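So the structure is just underneath, and the comments pick up after that.
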Amino acid sequence: MYQCDNAVSGILPVLPGNIRSMVAAFSHSIMDKIEEIRIRQGRPLVLGLSNRDVFLTVDGRPTHEAREAYLVTPVDMERLVQLISKSSFYAIEEELKNGFITLPGGHRVGITGKALLDGGKIRTLKYLSGCNIRVSRAITGAASGVLPYLLDIDGGGVFHTVLVSPPCCGKTTMLRDLIRQISNGVQELGFSGLNVGLVDERSEIAGCYRGVPQLDVGLRTDVLDGCPKAEGMMMLLRSMNPQVIAADEIGRNEDVGALEEVLNAGVKVLTTAHGKNLAELVERPAMGRIIRSKMIERFVILGRSRGVGTVEDIIDGKTMRTLGVKKC
Amino acid sequence: MLKLVGAVMVIVASGLSGLAVAGSYSRRPKELRSLRSALQMLETEVAYSATYLPEALSQVSSRCDKTSALLFGGAAAELSSMSGATASEAWEKALEKYYSSTALKSRDLSILRNLGGSLGISDKEDQIKHLRLAMEQISTETASAEEEAARNVKLWSYLGFLGGLLVVLLLY
Chain C
89 MYQCDNAVSG
99 ILPVLPGNIR
109 SMVAAFSHSI
119 MDKIEEIRIR
129 QGRPLVLGLS
139 NRDVFLTVDG
149 RPTHEAREAY
159 LVTPVDMERL
169 VQLISKSSFY
179 AIEEELKNGF
189 ITLPGGHRVG
199 ITGKALLDGG
209 KIRTLKYLSG
219 CNIRVSRAIT
229 GAASGVLPYL
239 LDIDGGGVFH
249 TVLVSPPCCG
259 KTTMLRDLIR
269 QISNGVQELG
279 FSGLNVGLVD
289 ERSEIAGCYR
299 GVPQLDVGLR
309 TDVLDGCPKA
319 EGMMMLLRSM
329 NPQVIAADEI
339 GRNEDVGALE
349 EVLNAGVKVL
359 TTAHGKNLAE
369 LVERPAMGRI
379 IRSKMIERFV
389 ILGRSRGVGT
399 VEDIIDGKTM
409 RTLGVKKC
Chain B
31 MLKLVGAVMV
41 IVASGLSGLA
51 VAGSYSRRPK
61 ELRSLRSALQ
71 MLETEVAYSA
81 TYLPEALSQV
91 SSRCDKTSAL
101 LFGGAAAELS
111 SMSGATASEA
121 WEKALEKYYS
131 STALKSRDLS
141 ILRNLGGSLG
151 ISDKEDQIKH
161 LRLAMEQIST
171 ETASAEEEAA
181 RNVKLWSYLG
191 FLGGLLVVLL
201 LY
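Here the protein sequences come in this chain order: C and B. Going left to right, the first sequence walks through residues 89 to 416 as my numbering numbers them. Going left to right, the second sequence walks through residues 31 to 202 as my numbering numbers them.
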């Protein structure tokens, strides 16, 4: 019998009562892990599992027939928005501009609706009609397989590393565990811990609640929660004397600019980027510049060919050759 | 002798009930003023620090007057229990308990009800507007409550005793 796992039970309180009981009934009965809960007004309630998705019926049974499925009502949607915002819509306005908010525990809720513009920029969203709740799970040991390839034992540090993967392949989980292990140190590998500065712009790596990490990110990790990456990395560099700076999802020009600054400051970098492979990443103007400069020493390519979080390849950044690890 | 004791009891009883009525007249403006200042605190929390509503309500309840604390604290407790209640439901629930312990009138109740219906569901500017509207209405009610109190407090505190005295004189 599969218990309703901790991660999902952390999400249940933000679901409206009726949907809550459907999801709870489902997660008690099925072995699959819920990865996403998709709630779209007027359409079936969908659960994203590790390799497929199912509709839910009123009594929490999975089905593939759309007409048996529970249709999300406008009232559900309204309640959902109130619950995820803790009945404080005014407090999440700023976050809504980015299209998502983060729940305690680091679960991310993507939100769609009608965008209201102000001078060409998104001011806020209105008529919210779709939510995607992504269950975040801290998997202790997720990075154990790749860690030996990323440690520079002689130099006593780590290599500059970028994790590359399409969405939903376990990038954040991998990054979190890497940070934890680097921060704690790994005795078996003769690696003592390093001070890690983490810029957690979306609060999903450390899952901070009121500034305190709710997920294990290691003993020597300082977290700047909710801070824009570019500014956060510079702040940490100046103030906290980190040996490693970690941030999620580098992509925009200013992020890459700050990253270059850190690379040149003798601090090691640990970050992630969206992309299927290196060839795709090089095409992106800002990332391409960094890759061509050969500053990054390790690329870890993640995919889901054998389940979420499969390490497809580890590439040495200097020689651009694979280190021959396809089975971590 | 027995008659005298009875007479004293009649006077005391009607005197006390007069005082009770007078008390409720003088309590209402106090309660309204306390509500207004609590709402002012809530507005500050919402407008300047964008505090989440459960937290904002419990902060207000810890700083405001004891009677209003029942309303704000009750709503905060209901919301933070994550039972799935929305802000307006939690507010409504707390409001019922609060209302029965106060000298407020149904007019005051409906102001608070209207406010509850819009708590937390809109952006900052809109929230401020609703809070200001409620405060404005409460101020108006306070003025009329004070006027009523000035007229009635003295009247009722005398009326009770004098009424008792009248009954005694008629029956004696």
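Beta carbons: idealized from backbone N, C-alpha and C, even for Gly. Predicted, not measured: the structure shown is a model, and the values here were computed from it.
Please identify, using Cβ separations under 9 Å, the residues of the region 133-158 of chain B that lie next to chain C, in order along the chain. Residues of the region 133-158 of chain B with a C-beta less than 9 Å from any C-beta of chain C: L149, G150, I151, S152, D153, K154, E155, D156, Q157 and I158, listed in chain order.
By Cβ distance below 6 Å, which residues in the same chain neighbour S88 of chain B in space, the five residues on each side in sequence not counted? Closer than 6 Å at Cβ, skipping near neighbours: A106.
Identify, in the order they occur along the chain, each residue of the same chain with its Cβ nearer than 7 Å to the Cβ of C416 of chain C, setting aside the five sequence neighbours on each side. Only weak support is given to the placement of C416 of chain C: the predicted model assigns it a pLDDT of 47, under 50, and the question is left unresolved by the model.
Closer than 9 Å at the beta carbon, the chain C residues around T74 of chain B: Correct list: empty, because the minimum Cβ distance to chain C is about 13 Å.
Please determine, among C:V305, C:R167, C:T359 and C:G295, the residue with the shortest C-alpha to C-alpha distance to A318 of chain C. Distance from the Cα of A318 of chain C is smallest, within the candidate group C:V305, C:R167, C:T359 and C:G295, for C:T359.
Per-residue DSSP class, three states only, for S91 of chain B: Helix.
Hey, out of C:G193, C:R196, C:K185 and C:R225, whose CA is closest to I206 of chain C's CA? The amino acid at residue 206 of chain C is misidentified as Ile; the sequence shows Asp. The option with the nearest alpha carbon to D206 of chain C is C:K185.
Taking P255 of chain C as the reference, give the member of C:G130, C:T407 and C:E337 with the closest Cα. C:E337
Within the 8 Å Cβ cut-off, does A80 of chain B reach chain C? yes
Just checking, does the region 61-69 of chain B make contact with the region 31-39 of chain B on the three C-beta pairs under 8 Å criterion? no
Assigned secondary structure, Y90 of chain C (DSSP; H/G/I helix, E/B strand, else coil): Summary for Y90 of chain C: the model assigns pLDDT 34, below 50, so the residue's position carries little reliability, and this model does not support an answer.
Given a limit of 9 Å on CB to CB distance, which residues of the region 145-178 of chain C reach chain B? E166, R167, V169, Q170, L171, S173, K174, S175, S176, F177 and Y178
First and last residue of the uninterrupted alpha helix (DSSP H) at V102 of chain C: Element bounds for V102 of chain C: n/a, residue is neither H nor E.
Beta-carbon neighbours of L83 of chain B, restricted to chain C and to distances below 8 Å: Within chain C, the residues near L83 of chain B are K174, S175, S176 and A179.
Supposed contact pair V332 of chain C and V355 of chain C - C-beta distance, whole angstroms, cut 8 Å: 7 Å
Assuming A294 of chain C contacts L282 of chain C under a Cβ cut-off of 8 Å, what Cβ separation, rounded to an integer in Å, is found between them? A294 of chain C to L282 of chain C, Cβ: 17 Å. No contact.
By the 7 Å beta-carbon criterion, what residues does the region 92-117 of chain C contribute toward chain B? P101, P104, G105 and R108
Contact defined as beta carbons within less than 8 Å: I believe P150 of chain C pairs with F114 of chain C. What is the distance between those atoms, to the nearest angstrom? 6 Å
Quick one: which chain B residues come within Cβ less than 9 Å of T212 of chain C? D153
Proximity winner among C:D288, C:T261, C:N341 and C:K202, relative to R372 of chain C (alpha-carbon distances): C:N341
Compute the beta-carbon to beta-carbon distance between R377 of chain C and G405 of chain C, rounded to the nearest angstrom, for a pair I have assumed lies under 8 Å. About 14 Å separates the two Cβ atoms, so there is no contact after all.
Hey, which unbroken runs of the beta strand (DSSP E) at 3 residues or more fall wholly within the region 318-356 of chain C? For the region 318-356 of chain C, whole beta strand (DSSP E) runs of length 3 or above, ordered along the chain, are 332-335.
Could you pull the DSSP bridge partners for I41 of chain B from this structure? DSSP lists no partner for I41 of chain B.
Kindly say whether L109 of chain B, judged by its beta-carbon, lies nearer than 8 Å to any beta-carbon of chain C. For L109 of chain B, the nearest beta carbon of chain C is closer than 8 Å to its own beta carbon.
Which bits of chain C does A124 of chain B rub up against, with CB to CB less than 7 Å? Per Cβ cutoff of 7 Å: no residues; A124 of chain B is ~13 Å from chain C at best.
Measuring only between beta-carbons, confirm whether M112 of chain B sits less than 8 Å from chain C. yes
Under 8 Å, with one C-beta from each stretch per pair, do the region 125-145 of chain C and the region 146-162 of chain B reach the 3-pair mark? no
Backbone secondary structure at C416 of chain C - three-state DSSP: Confidence at C416 of chain C is low in this model, with a pLDDT of 47, below 50, so the placement of that residue should be treated as unreliable; the coordinate-derived value is given next. If DSSP states are grouped into helix, strand and coil, C416 of chain C belongs with coil.
Are the beta-carbon atoms belonging to E101 of chain C and L168 of chain C less than 8 Å from one another? For the sequence presented, residue 101 of chain C should be read as Pro rather than Glu. No, these two residues do not count as a Cβ contact at 8 Å.
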